[in-house]
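Peer 1: I'd like to ask you about the structure that follows.
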Amino acid sequence: MIQLPDVEQLLQQMEADLRQTLARRGVTDPVMVGIRTGGVWLAEQLNQRLGLSGPLGELDISFYRDDFSRLGLNPRVKPSSLPFDTEGRDIVLIDDVLMSGRTIRAAMNEIFDYGRPASIILAVLMDLGKRELPIQPDVTGQVVSMAPNQRVKLRGPAPLRLELRETSE
1 MIQLPDVEQL
11 LQQMEADLRQ
21 TLARRGVTDP
31 VMVGIRTGGV
41 WLAEQLNQRL
51 GLSGPLGELD
61 ISFYRDDFSR
71 LGLNPRVKPS
81 SLPFDTEGRD
91 IVLIDDVLMS
101 GRTIRAAMNE
111 IFDYGRPASI
121 ILAVLMDLGK
131 RELPIQPDVT
141 GQVVSMAPNQ
151 RVKLRGPAPL
161 RLELRETSE
């Protein structure tokens with residue numbers, strides 16, 4: 001059985017790594033964009049910890065998924081909110097769990113529909129390393145190997161906690 005890490009410890013690690021990444025790249029005024037729902041919860045936490053003053057962006061990538069026609073519309077779809085101009089901005093894109101890379105691809109497609117950012121830094125709480133697309137995070141709370149039938153889910157918003165799920169695959 002996999003022992004899931006404490007979310008608070010992962011957030012501390014992400015905050016430290018994100019500070020270093022921003023400094024190394026010379027990014028002084030980033031905006032945070034979280035992918036609903038877990039990525040939004042994490043973006044709120046990291047935005048506060050980093051002392052960023054800008055508004056948070058929220059993406060619902062449902063319409064941008066490459067399996068939309070197969071899955072249909074999620075009944076809980078809400079419009080995305082990017083309350084800032086993305087053109088020329090440095091964006092920190094936040095998600096909870098990175099697995100295949102398809103969610104991140106969809107999120108970047110949506111961001112580019114709003115404008116062309118100067119850069120996108122990808123930060124994820126957990127990387128399961130089951131990539132189907134060549135997408136790699138810049139900041140990772142933890143890399144975890146799991147059995148093919150295991151998934152991890154972030155629960156929240158308060159307190160944030162990780163939950164292990166078994167699938168029928």
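So for the sequence shown, the UniProt record's numbering puts the first residue at 1; every next one is plus one. C-beta: ideal position from N, C-alpha, C; glycine also.
Thinking just about the alpha-carbon of each residue, which of P159, R151, L154 and G141 is nearest to the one in M14?
Peer 2: Mapped onto the sequence shown, residue 14 falls at position 14. Checked all of P159, R151, L154 and G141; the closest Cα to M14 is G141.
Peer 1: Comparing alpha-carbon positions, which option in N149, G54, E132 and L162 lies nearest L125?
Peer 2: Start at 1 with the first residue of the sequence shown, and residue 125 comes out as number 125. Nearest option by C-alpha distance: L162.
Peer 1: Helix, strand or coil: which one does DSSP assign to Q150?
Peer 2: Counting from one through the sequence shown, the residue named residue 150 turns up at place 150. Three-state result, Q150: strand.
Peer 1: Pop quiz: L123 and I94 are said to be a contact at Cβ under 8 Å. What is the actual Cβ separation, rounded to whole angstroms?
Peer 2: In the sequence shown, counting from the first residue as 1, residue 123 sits at position 123. In the sequence shown, counting from the first residue as 1, residue 94 sits at position 94. Residue identity differs from the one stated: residue 123 is Ala in this sequence, not Leu. Between I94 and A123 the Cβ distance is about 5 Å, and since that is below 8 Å, they are a contact.
Peer 1: Sort A107, A158, P157 and Q150 by Cα distance to L4 and report the nearest one.
Peer 2: Counting from one through the sequence shown, the residue named residue 4 turns up at place 4. Here the closest residue by C-alpha is Q150.
Peer 1: Spatial neighbours of A158 within its chain, please: CB distance less than 8 Å, with the 5 preceding and 5 following residues excluded, ordered by chain position.
Peer 2: Mapped onto the sequence shown, residue 158 falls at position 158. Nothing meets the Cβ criterion.
Peer 1: Excluding five sequence neighbours on each side, which residues of the same chain lie with their C-beta closer than 7 Å to the C-beta of D138?
Peer 2: In the sequence shown, counting from the first residue as 1, residue 138 sits at position 138. Excluding positions up to five away in sequence, the list reads T21, I121, L122 and A123.
Peer 1: Rank D17, L98 and G156 by C-alpha distance to the C-alpha of E132 and give the top, closest one.
Peer 2: Along the sequence shown, one-based indexing puts residue 132 at 132. It is L98 whose Cα lies nearest to the Cα of E132.
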